[in-house]
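Under UniProt numbering, the first residue of the sequence shown carries the number 1, and numbering increases by one thereafter.
For reference, the structure discussed in these notes is given below.
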Amino acid sequence: MSTTIDITEETSAVAKGKAPLIATTTYSDGSKGNIKTKGAAAATAATGYKKGIAIFDFLLRLGAIVAALAAAGTMGSSEQTLPFFTQFFQFRASYDDLPTFQFFVIAMSIVGGYLVLSLPFSIVLIIRPSAVAPKMLLVALDIVALTLNTAAGGAAAAVVYLAHNGNSSANWLAICQQFGDFCQKVSGAVVASFISAVALVFLVVLSGFALRRH
1 MSTTIDITEE TSAVAKGKAP LIATTTYSDG SKGNIKTKGA AAATAATGYK
51 KGIAIFDFLL RLGAIVAALA AAGTMGSSEQ TLPFFTQFFQ FRASYDDLPT
101 FQFFVIAMSI VGGYLVLSLP FSIVLIIRPS AVAPKMLLVA LDIVALTLNT
151 AAGGAAAAVV YLAHNGNSSA NWLAICQQFG DFCQKVSGAV VASFISAVAL
201 VFLVVLSGFA LRRH
């Protein structure tokens, strides 16, 4: 007596072995791809985005340094003596005659010095775009520098306006008709301070965008 056992023939895929599963996903744009590959590509794109912001941050700091130091230097060298004077009277205008202009020179020098010292931190962010601590430090100090810059520029702008136009109610005469070179220098210093302030505003905004990406 013999016994016959029927063995069902396996499919070629089972006989040869199944291929390993690869996880795929479908994205909102209809494309399909490996999750690991897509994640690596997204991380690379985010790193490139942060590095681009860091490079732009560095360039803005260079521009702000030039503007801030130019403002301080121009105001600090603003002086004019009129050609007509006597033995007892000499008509002279200088920045140190006004406390507002003295504060302007000191404040813009501080802002320029801070921006110079911030360059190494900006370089660190170019090398390590994902670092959070330097970004937090820079955005806090940038806001302080922006406040100081704006205060100095606004106060000096008010005095420059009076120098150009005077104030008839307070019997303050416009001196720019006589001290033209002096007024031209202090006006240029105020404009440079506002350029520095605009650069600092962009620096704060860029830091906010960079922190939001984390």
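Beta carbons are placed, not taken as given, at the ideal position from N, Cα and C, and that holds for glycine.
> Taking buried to mean at least 16 other C-beta atoms within 10 Å of its own C-beta, is Arg61 buried or exposed?
Replying inline: buried
> If you draw a straight line from the alpha carbon of Cys183 to that of Ile126, how long is it in whole angstroms?
Replying inline: 41 Å
> By Cβ distance below 6 Å, which residues in the same chain neighbour Ile195 in space, the five residues on each side in sequence not counted?
Replying inline: Ala67
> So which of Leu200, Val190, Gln177 has the shortest CA-CA distance to Phe103?
Replying inline: Val190
> Would a C-beta distance cut-off of 7 Å place Ala107 and Ala71 closer than the cut-off?
Replying inline: no
> Measuring CB to CB, does Lys51 end up less than 7 Å from Ala210?
Replying inline: no
> Under 7 Å, do Met136 and Val105 count as touching if we go by C-beta distance?
Replying inline: no
> Cα separation between Gln178 and Asn165?
Replying inline: 12 Å
>> Distance check for Ala174 and Asn167, CA to CA, integer angstroms please.
In response: 8 Å
> Does the ligand GDP have even one heavy atom less than 6 Å from the beta-carbon of Phe91?
Replying inline: This structure lacks the ligand GDP, and indeed carries no ligand of any kind.
> Would Val191 count as contacting chain C if we go by Cβ distances under 7 Å?
Replying inline: Absent from the structure is chain C; it holds one protein chain and no more.
>> Quick test of your reading: Val204 and Val139, contact by CB under 8 Å. State the CB separation rounded to the nearest angstrom.
In response: 6 Å
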